[in-house]
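Written below as structure tokens is the structure these notes are about.
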Amino acid sequence: MDRLMAIIMALQHGSQTASALSERLEVSRRTILRDIQILSEIGVPLGAASGPHGGYTLMQSFQLPPLQLSSREALCVLFALQGLTGYTDTPFNGERWTVMDKIRSILPQDTSLSIAPLLNSMEVEVPKRVYNIPHLELLLEMTAKGNWISVFYQSLNHRRNLLIKPLKIFAAHGFWYCDCSSYTHGENRRLRVDRMSDIAEVDAPEDYAEPVRLQSQVKTVHIRAELTYKGMLQVERDEHVGEHIEHVGDERWIADFHLPESEWEWAVQLFFSLGLDAKVIMPEKLRAEIRHRADQLRNRYEEAFVEES
Numbered sequence: 001m002d003r004l005m006a007i008i009m010a011l012q013h014g015s016q017t018a019s020a021l022s023e024r025l026e027v028s029r030r031t032i033l034r035d036i037q038i039l040s041e042i043g044v045p046l047g048a049a050s051g052p053h054g055g056y057t058l059m060q061s062f063q064l065p066p067l068q069l070s071s072r073e074a075l076c077v078l079f080a081l082q083g084l085t086g087y088t089d090t091p092f093n094g095e096r097w098t099v100m101d102k103i104r105s106i107l108p109q110d111t112s113l114s115i116a117p118l119l120n121s122m123e124v125e126v127p128k129r130v131y132n133i134p135h136l137e138l139l140l141e142m143t144a145k146g147n148w149i150s151v152f153y154q155s156l157n158h159r160r161n162l163l164i165k166p167l168k169i170f171a172a173h174g175f176w177y178c179d180c181s182s183y184t185h186g187e188n189r190r191l192r193v194d195r196m197s198d199i200a201e202v203d204a205p206e207d208y209a210e211p212v213r214l215q216s217q218v219k220t221v222h223i224r225a226e227l228t229y230k231g232m233l234q235v236e237r238d239e240h241v242g243e244h245i246e247h248v249g250d251e252r253w254i255a256d257f258h259l260p261e262s263e264w265e266w267a268v269q270l271f272f273s274l275g276l277d278a279k280v281i282m283p284e285k286l287r288a289e290i291r292h293r294a295d296q297l298r299n300r301y302e303e304a305f306v307e308e309s
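Residue numbers for the sequence shown follow full-length UniProt numbering, so the first one is 1 and each next one is one higher.
The structure is reproduced here in structure tokens:
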């Protein structure tokens, strides 16, 4: 019955294919087709269309009565909202608290009591950051509209105006990021939102062409490294490397991955910072760069330190 209700609620928001429903509800396509048949037999007014844009629909005249959240559904929503409160600034600073209070107020007392211990023992870890981004809501609006904007951006190396088309706004590692098409750089870029200012809508550049970057055209470097347990814990959280780590036994892990050449400096810094918890096997160029940085560090600490009075 829970799955049948879930199908009806999904169809209330628009057409859905059997494959999409099976993936969403984590059951086989055959199970979904059987559920659709059951819904039809009990009188739920369903429509079906074939073709690439087809799927199952629910007649507009049919509406479910208001539904009560189960204890697990309430826990799911409150847990997600609790994670959002870890961010210093969001477009929903006030709403993230009031909606949690509203959900708690409509839950039956026994449901609230049953989920409270679980909610208190679960946490979405968000690094504490100190920043303010009053323009985040404006940036979200521009992104949703597909507008081109001009922003003043302060990176580690430059302070300049950029002409970009924001594609996606997301939160990670305690910061907000913007994936965008950059006319200034001539390629897609990922920018930190808290480093943006002076956002203004502009006309699309007349000579702009969407960058086409096939995977085969992106030059990469093959990196293979041995990791200790501690090194593995630090590396597995990285989006480039996390899915390419294999346990080979005796407290040893192997990271084997291809990295875009544009991320070379990041790779050097990563493996140098891991110290004795990583040993690069290949390429030799990366090994040589780490040796060079280690020599520079050793030379710095071999010099006598004279404290200025």
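Just so you know, even glycine gets a beta-carbon here, dropped at the ideal spot from N, CA and C.
Just reading off the beta strand (DSSP E) that T98 is part of, what are its end residues?
-> One-based indexing of the sequence shown puts residue 98 at position 98. Segment E95 to I106 is the alpha helix (DSSP H) holding T98; no beta strand (DSSP E) there.
Beta-carbon contacts of L46 that lie in its chain and below 8 Å, excluding the five residues immediately before and after = As a position in the sequence shown, residue 46 is number 46, starting the count at 1. If we look at L46 and ignore the five residues flanking it on each side, its Cβ neighbours are L11, I36, L39, S40, Y56, T57, L58 and M59.
Helix or strand or just coil, what does DSSP make of S216?
-> Position 216 of the sequence shown, counted from the first residue, corresponds to residue 216. Its pLDDT being 47, under 50, S216 is placed unreliably in this model, and the value from its coordinates should be taken loosely. Correct three-state label for S216: helix.
If we count Cβ pairs, one from each stretch, closer than 8 Å, do we get three or more for the segment 254 to 267 versus the segment 292 to 303?
-> no
Three-state class that DSSP yields for F272 in the structure shown = For the purposes of this step, residue 272 is taken as the residue at position 272 of the sequence shown. Three-state result, F272: helix.
Helix or strand or just coil, what does DSSP make of E243?
-> In the sequence shown, residue 243 corresponds to position 243, counting from 1. Correct three-state label for E243: helix.
Length at least 3, wholly inside the segment 140 to 224: the beta strand (DSSP E) runs in chain order | 148 to 154, 159 to 172, 175 to 182, 187 to 192 and 196 to 202
Exposure of P108, with buried meaning 16 or more beta-carbon neighbours within 10 Å | Numbered from its first residue, the sequence shown carries residue 108 at position 108. Flag for P108 reads exposed.
Simplified DSSP state of M282, which is helix, strand or coil = Stepping through the sequence shown from its first residue, residue 282 is reached at position 282. Note: M282 maps to strand in three-state DSSP.
Touch check for the segment 118 to 136 and the segment 84 to 92: three-plus C-beta pairs under 8 Å?
-> yes
Pick from L81, R104 and S105: whose alpha carbon is nearest that of E95?
-> As a working mapping, residue 95 is identified with position 95 in the sequence shown. Ranking the options by Cα distance to E95, first place goes to L81.
Taking V44 as the reference, which of I7, E206, K219 and S28 has the closest Cα?
-> As a first step, residue 44 is located in the sequence shown; it is residue number 44 there, counting from the start. Of I7, E206, K219 and S28, the residue nearest in Cα terms is I7.
Cβ pair count under 8 Å reaching 3, the segment 279 to 287 against the segment 219 to 233 = yes
What residue from C76, L4, D277 and F272 has the CA that sits closest to I290's CA?
-> Residue mapping note: residue 290 aligns to position 290 of the sequence shown, counting from 1. Measuring from the Cα of I290, the nearest candidate turns out to be F272.
For E289, which three-state DSSP category applies?
-> As a working mapping, residue 289 is identified with position 289 in the sequence shown. Three-state result, E289: helix.
Answer yes or no: do R195 and Q154 have a C-beta to C-beta separation smaller than 8 Å?
-> In the sequence shown, residue 195 corresponds to position 195, counting from 1. In the sequence shown, residue 154 corresponds to position 154, counting from 1. Cβ distance < 8 Å, so R195 and Q154 count as in contact.
Is the Cβ-Cβ distance between T184 and L156 less than 8 Å?
-> For the purposes of this step, residue 184 is taken as the residue at position 184 of the sequence shown. For the purposes of this step, residue 156 is taken as the residue at position 156 of the sequence shown. Not closer than 8 Å, so no.
Euclidean distance between Cα positions of L214 and T17 | Start at 1 with the first residue of the sequence shown, and residue 214 comes out as number 214. Start at 1 with the first residue of the sequence shown, and residue 17 comes out as number 17. Low confidence applies here, because L214 scores a pLDDT of 43, under 50, leaving its location unreliable; read the following figure in that light. In a straight line, the C-alpha of L214 is about 29 Å away from that of T17.
Using 8 Å as the threshold, is the segment 165 to 172 in touch with the segment 142 to 149, meaning 3 or more CB pairs across them?
-> yes
With C-beta atoms as the reference, is F79 less than 8 Å away from L119?
-> To locate residue 79, count along the sequence shown from 1; it is residue 79. To locate residue 119, count along the sequence shown from 1; it is residue 119. Yes.
Just the C-alpha distance for A294 and Q269, rounded to the nearest angstrom, thanks.
-> Your numbering for residue 294 matches position 294 in the sequence shown. Your numbering for residue 269 matches position 269 in the sequence shown. Going by the C-alpha atoms only, they are around 11 Å apart.
Grab the span of the alpha helix (DSSP H) containing L39 for me, first residue to last.
-> Residue numbering aside, residue 39 sits at position 39 when the sequence shown is read from its first letter. Residues R29 to E41.
Are L139 and V193 touching if we call contact CB-CB under 8 Å?
-> Residue 139 sits at position 139 when you count from the first residue of the sequence shown. Residue 193 sits at position 193 when you count from the first residue of the sequence shown. Yes, they are a contact pair.
Please list, in chain order, all residues of the same chain as R24 whose beta carbon is under 7 Å from its beta carbon, the five residues on each side excluded.
-> Position 24 of the sequence shown, counted from the first residue, corresponds to residue 24. Result list for R24: A10, in chain order.
F175 versus D198, I115, P91 and E187, residue with shortest Cα-Cα distance = For this step, residue 175 is matched to residue 175 along the sequence shown. Ranking the options by Cα distance to F175, first place goes to P91.
Cα-Cα separation between I103 and N93, rounded to whole angstroms = As a first step, residue 103 must be located in the sequence shown, where it is residue number 103. As a first step, residue 93 must be located in the sequence shown, where it is residue number 93. In a straight line, the C-alpha of I103 is about 17 Å away from that of N93.
By a C-beta neighbour count over all protein chains shown, 10 Å radius and 16 as the cutoff for buried, is I133 buried or exposed?
-> Translated into the one-based positions of the sequence shown, residue 133 becomes position 133. With 16 or more Cβ atoms within 10 Å of its Cβ, I133 is classed as buried.
Can you tell which of E26, S71, S70 and S15 has its C-alpha closest to the C-alpha of H53?
-> The sequence position of residue 53 within the sequence shown is 53, counting from 1. Checked all of E26, S71, S70 and S15; the closest Cα to H53 is S15.
Beta carbon of S114 nearer than 8 Å to that of S70 = Locating residue 114 in the sequence shown gives position 114, where the first residue counts as 1. Locating residue 70 in the sequence shown gives position 70, where the first residue counts as 1. Taking 8 Å as the Cβ cut-off, S114 and S70 do not qualify as a contacting pair.
So G83 is in the alpha helix (DSSP H); what residue range does that whole segment cover?
-> Numbered from its first residue, the sequence shown carries residue 83 at position 83. From DSSP, the alpha helix (DSSP H) with G83 extends over S71 to L84.
Using the beta-carbon count (16 or more within 10 Å), is A74 buried or exposed?
-> Against the sequence shown, residue 74 aligns to sequence position 74. Looking at its Cβ environment, which holds 16 or more other Cβ atoms inside 10 Å, A74 is buried.
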